[in-house]
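Using this note's numbering, the final residue of the sequence shown is 616, and nothing's skipped along the way.
Remarks on the structure that follows.
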Amino acid sequence: MATVLNPYANQDLFWPSEFHQNHVKALQGRGDVRKPFQRQIDLWWCALCLGVKIGQRTRLGPKAKLVKFNDGGILSSDPWRITHLELLALAEFGEEGLDNPSGTIQMASEYAATGARVIGEICMGAAEPTLTLLTQLPDYLETA
473 MATVLNPYAN
483 QDLFWPSEFH
493 QNHVKALQGR
503 GDVRKPFQRQ
513 IDLWWCALCL
523 GVKIGQRTRL
533 GPKAKLVKFN
543 DGGILSSDPW
553 RITHLELLAL
563 AEFGEEGLDN
573 PSGTIQMASE
583 YAATGARVIG
593 EICMGAAEPT
603 LTLLTQLPDY
613 LETA
């Protein structure tokens, strides 16, 4: 198996602070089947994919309104994510996007902020966020 280098290892990964305060604890937790995501990176990735599907990037604003949840080193645990980010950078910026890891993570975080808003809206107040997300997300994606 080929080794995948992680150009994003030194980049910080952020949530908008409002999403972090209102939703992350309800959506992420190891071993709790009521929470759809075991790790924040999995939640971030789902949000990123939703943002890409919607085709909208939400500006993150100043760092004072963000919460760092990890750094790009976590991407090495699932190397396919690095490949996907590189493909997304190519699609958004062309070949020069591959030479700008911070720009790629900024773009990915903006897509994730869009998706996080959607996930938050779907799961707001849900007693069973996993079930709610599984049943409502497909309908949302059909209209996106």
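Just so it is clear, CB atoms sit at the ideal spot from N, CA and C, and this is done for glycine as well.
Being a predicted model, the structure only gives us computed values, none of them experimental.
Opening and closing residue of the alpha helix (DSSP H) in which residue i lies
{"i": "K525", "result": "512-526"}
{"i": "D611", "result": "601-615"}
{"i": "F565", "result": "551-565"}
{"i": "P573", "result": "573-595"}
Close beta carbons around residue i, own chain, < 7 Å, minus the five adjacent residues each side
{"i": "K416", "result": "The chain is shown from 473 up to 616; residue 416 falls before or after that span and cannot be answered."}
{"i": "E564", "result": "M579"}
{"i": "A519", "result": "A584, G587, A588, I591"}
{"i": "N542", "result": "L485, Q512, I513"}
{"i": "L609", "result": "I594"}
CB-CB length for residue i against residue j, believed under 8 Å
{"i": "N478", "j": "L547", "result": "6 Å"}
{"i": "E600", "j": "R506", "result": "6 Å"}
Cβ-Cβ distance between residue i and residue j below 9 Å
{"i": "A561", "j": "T576", "result": "yes"}
{"i": "Y612", "j": "Q528", "result": "no"}
{"i": "H492", "j": "M596", "result": "no"}
{"i": "Y480", "j": "L557", "result": "yes"}
{"i": "P508", "j": "T602", "result": "yes"}
{"i": "L522", "j": "A598", "result": "no"}
{"i": "G544", "j": "P573", "result": "yes"}
For residue i, the first and last residue of its enclosing beta strand (DSSP E)
{"i": "F541", "result": "538-543"}
{"i": "P488", "result": "484-488"}
Spatial neighbours of residue i in its chain, beta-carbon cut-off 6 Å, leaving aside the 5 residues before and after
{"i": "I554", "result": "V476, N478, L547"}
{"i": "Q510", "result": "R502"}
{"i": "K525", "result": "A616"}
{"i": "V539", "result": "W487, S489, H492"}
Beta-carbon proximity list for residue i, same chain, < 8 Å, skipping 5 on both sides
{"i": "T604", "result": "I594, C595, A598"}
{"i": "P534", "result": "none"}
Residue i beta carbon near the ligand MG (any heavy atom closer than 8 Å)
{"i": "L557", "result": "The ligand MG is not among the ligands present in this structure, which contains no ligands whatsoever."}
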